[in-house]
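Each residue of the sequence shown is one higher than the one before, counting from 0 in numbering that gives the first Met the number 0. Heads up, the beta-carbon is just placed ideally off N, CA and C, and yes, glycines get one too.
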Amino acid sequence: MNWCAYLIDAAPRRVFRAFFPEVPRPEDYFWSEVTSLWQPKVRLVDGTWSGNGTLWRRRRASDGLWEYQQDPETLEEQMDRII
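Structure below.
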């Protein structure tokens with residue numbers, strides 16, 4: 000299932016960015032919520048993989064790569080997902 004989500008969501012973006020590189024914007028260096036159709040599985044700042052909860056990202060000033068953090072899933076969100 001993750002592979003299908005990658006093909007639909009991330010693969011076309013990577014092909015597009017190969018021809019048209021992304022220019023960093025000043026607001027990229029502040030935490031902003033990831034609003035993708037599917038939440039990507041990414042490695043978080045603390046070294047774990049992303050799961051459920053709100054995903055945040057910002058661009059590192061040192062090397063320009065994205066780094067991610069995640070808010071834990073609340074009890075209400077977990078119950079809504081189960082029911």
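The beta carbon of Gln38 lies closer than 6 Å to those of Leu54 in the same chain, with the five residues before and after it left out.
Residue pairing of Arg57 in beta bridges, as defined by DSSP: Glu66. Under the DSSP assignment, Phe15 falls in the alpha helix (DSSP H) whose first and last residues are Ala10 to Phe18. By the 16-neighbour rule on beta-carbons within 10 angstroms, Arg24 is exposed. Taking the Cβ atoms as the reference, Arg56 lies roughly 5 Å from Trp65, within the contact range of under 8 Å.
Here the alpha carbon of Thr34 sits roughly 12 Å from the alpha carbon of Asp8. As DSSP reads the structure, Ser49 sits in no beta bridge.
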